[in-house]
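Numbering (our numbering), first residue to last: 1400 to 1506. Beta carbons: idealized from backbone N, C-alpha and C, even for Gly. Keep in mind the model is a prediction, meaning the values are calculated, not measured.
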Amino acid sequence: MTIDSLRLLTDSAASLWRRLSQFGSPDLLGRRTPFDEWLATVKPGLTSADEQAIRRDYRRLTLLLTELEILTRSREQALALILETVQQSLPAEQAGEKSATTETDVT
1400 MTIDSLRLLT
1410 DSAASLWRRL
1420 SQFGSPDLLG
1430 RRTPFDEWLA
1440 TVKPGLTSAD
1450 EQAIRRDYRR
1460 LTLLLTELEI
1470 LTRSREQALA
1480 LILETVQQSL
1490 PAEQAGEKSA
1500 TTETDVT
C-alpha cells in the first residue's frame, strides 16, 4: 500500500513540478522557498487568474513534498524521487512530440 501511495504522490508532484518549472526557477521549488519569493522569478505577463492557478499548484506541490518527506523520512529522497520521475517523463513527452510531428509531416 505504501509503494502505491508513494508512486501516486510522486507522479502528482512531478506533474506539478513540470508545470511550475515552465513559469519560474525550478531550483527554488525544492528549497522551501516562500511563494512570493519564487513568484519573483516567474516570467512577467501573468494574468491574475494565472497567478492564482500557479499559487494553488505551488501550495499543492509543497503539500505533496511534505507527504513524500514523511513517507521517505528524508526531504532529499523525496526530492530525488520527484526529479527522477520528471526525468523519466521527459523522453516520453519528447518522443510523443516527435511522433506527432512526423505524422503531420507524412500526411
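Helix, strand or coil at residue i according to DSSP, with G and I counted as helix
i       : result
Gln1421 : coil
Ala1439 : coil
Arg1431 : coil
Between the CA atoms of residue j and residue i - distance to the nearest angstrom
i       : j       : result
Met1400 : Gln1421 : Residue placement at Met1400 is flagged as unreliable, the pLDDT there being 48, under the threshold of 50; the coordinate-derived value follows with that caveat. If you take the alpha carbons of Met1400 and Gln1421, they lie about 32 Å apart.
Ala1477 : Ala1439 : 25 Å
Leu1415 : Arg1459 : 8 Å
Ile1402 : Asp1435 : 33 Å
Pro1443 : Asp1449 : 11 Å
Integer Cβ distance of residue i from residue j, believed to fall under 8 Å
i       : j       : result
Trp1412 : Leu1467 : Note that residue 1412 corresponds to Ala in the displayed sequence, not to Trp. That belief holds up - the Cβ atoms of Ala1412 and Leu1467 are roughly 6 Å apart, short of 8 Å.
Trp1437 : Ser1424 : 7 Å
Quick test of the definition: if touching needs 3 or more C-beta pairs under 8 Å, does the segment 1474-1482 touch the segment 1443-1454? The count of Cβ pairs closer than 8 Å, one atom from the segment 1474-1482 and one from the segment 1443-1454, stays below three, leaving the stretches out of contact.
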